[in-house]
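**Student:** Take a look at this one; I'll ask things after.
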Ligand SMILES: [Zn+2]
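Residue numbers (my numbering): 15 to 293.
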């Protein structure tokens, strides 16, 4: 059965890229409408779906051609990770609050709002019948059918003495997502951050909402939350980008090596095409 939330919940802060005040309110929805962004400025709701993706540089953006919302992946990751199917997200401005750089504040707000089952509404699922592989450059994805669950294996590596190779293996349940994935924060390398700011991005970025890695050290507020926090954050992003497929994953094993937003979105497209073809 499909799920939404019981009552509204609001989060405020500043947007990561534009650095402007940002607010989102999660609202319960009666119908099977998936994830949608709404605003008094929009003529109609903007569905958070693959066919609305308009950009994948340093975050996943969606657009209806007129209105654009940047960096939707952390918030969607929280909703999908907790097994919520239908959610309206009222937004002011162009991006959700950066929060602490993780999905935990969104997940906590959603849990506080309470999760509501809709017994009369059937829930579809993204299920594969065969092997699916995709590769581009050093990025690789693989998916295959699995029994009784949704399993991930993700590899992140970066040629830096403090990063190296991190591998996370994870079985998706709302409880595990909340503890092992949602708290992992976004990160950036100091040499990239200067270039991003010069390009008008990451303007709201600070140690309040990101981990910064420079040549000599990792700057993380309160220290790292996990020794493999970078791989876990990449998994958080992957779950958020796959949520754009509009269907929950079912009985599937997914492997990703050096994933990024562009690859995630293309992989989600391939996955939904193949899964539908086999239905
Ligand atoms: Zn992220």
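Even glycine gets a Cβ: it sits at the ideal position worked out from N, Cα and C.
Is DSSP giving residue 282 helix, strand or coil here?
**Tutor:** Correct three-state label for residue 282: helix.
**Student:** If we ignore side chains and look at the alpha-carbon of each, how far apart do residue 25 and residue 49 end up?
**Tutor:** When rounded, the distance between both Cα atoms is 17 Å.
**Student:** Below 8 Å, how does it come out for the region 198-215 and the region 104-124: are there three or more Cβ pairs, yes or no?
**Tutor:** With a cut-off of 8 Å, the region 104-124 and the region 198-215 count as touching, because enough Cβ pairs lie within range.
**Student:** Can you list every residue whose CB sits closer than 5 Å to some heavy atom of ligand 1, going in chain order?
**Tutor:** Result (chain order): 200 and 251.
**Student:** Could you check what DSSP says for residue 254 in three-state terms: helix, strand or coil?
**Tutor:** In the structure shown, residue 254 sits in a helix (DSSP, three-state: H, G or I).
**Student:** Looking only at C-alpha atoms, which of 229, 253, 23 and 279 sits nearest to residue 175?
**Tutor:** If we check each option's Cα against that of residue 175, 229 comes out closest.
**Student:** Using 8 Å as the Cβ pair cut-off and three pairs as the minimum, do the region 270-288 and the region 244-253 touch?
**Tutor:** With a cut-off of 8 Å, the region 244-253 and the region 270-288 count as touching, because enough Cβ pairs lie within range.
**Student:** When DSSP labels each residue in this structure, what does residue 27 get in the three-state scheme?
**Tutor:** Residue 27 falls in the strand class under three-state DSSP.
**Student:** Do three or more CB pairs link the region 92-101 to the region 254-267 at distances below 8 Å?
**Tutor:** Enough Cβ pairs lie closer than 8 Å, so yes.
**Student:** Specify, as a first and last residue, the run of the alpha helix (DSSP H) that residue 216 falls within.
**Tutor:** Note, residue 216: premise wrong, no alpha helix (DSSP H); not H, not E.
**Student:** Which word fits residue 254, buried or exposed, when buried means at least 16 other C-beta atoms lie within 10 angstroms of its C-beta?
**Tutor:** By the neighbour-count rule (16 or more Cβ atoms within 10 Å), residue 254 is buried.
**Student:** What is the DSSP secondary structure of residue 159, reduced to helix, strand or coil?
**Tutor:** Residue 159: strand per DSSP, three-state reduction.
**Student:** Taking DSSP's pairing of strands, which residues face residue 111 in a bridge?
**Tutor:** Residue 111 pairs with 29.
**Student:** Please work out which residues of its chain come closer than 8 Å, Cβ to Cβ, to residue 128, disregarding the five sequence neighbours upstream and downstream, and give them in chain order.
**Tutor:** Only 19, 20 and 21 meet the Cβ criterion.
**Student:** Residue 91 to residue 111, Cα distance in whole Å?
**Tutor:** Those two C-alpha atoms are separated by around 14 Å.
**Student:** Output the boundary residues of the alpha helix (DSSP H) element that contains residue 198.
**Tutor:** From DSSP, residue 198 is part of no alpha helix (DSSP H); its letter is neither H nor E.
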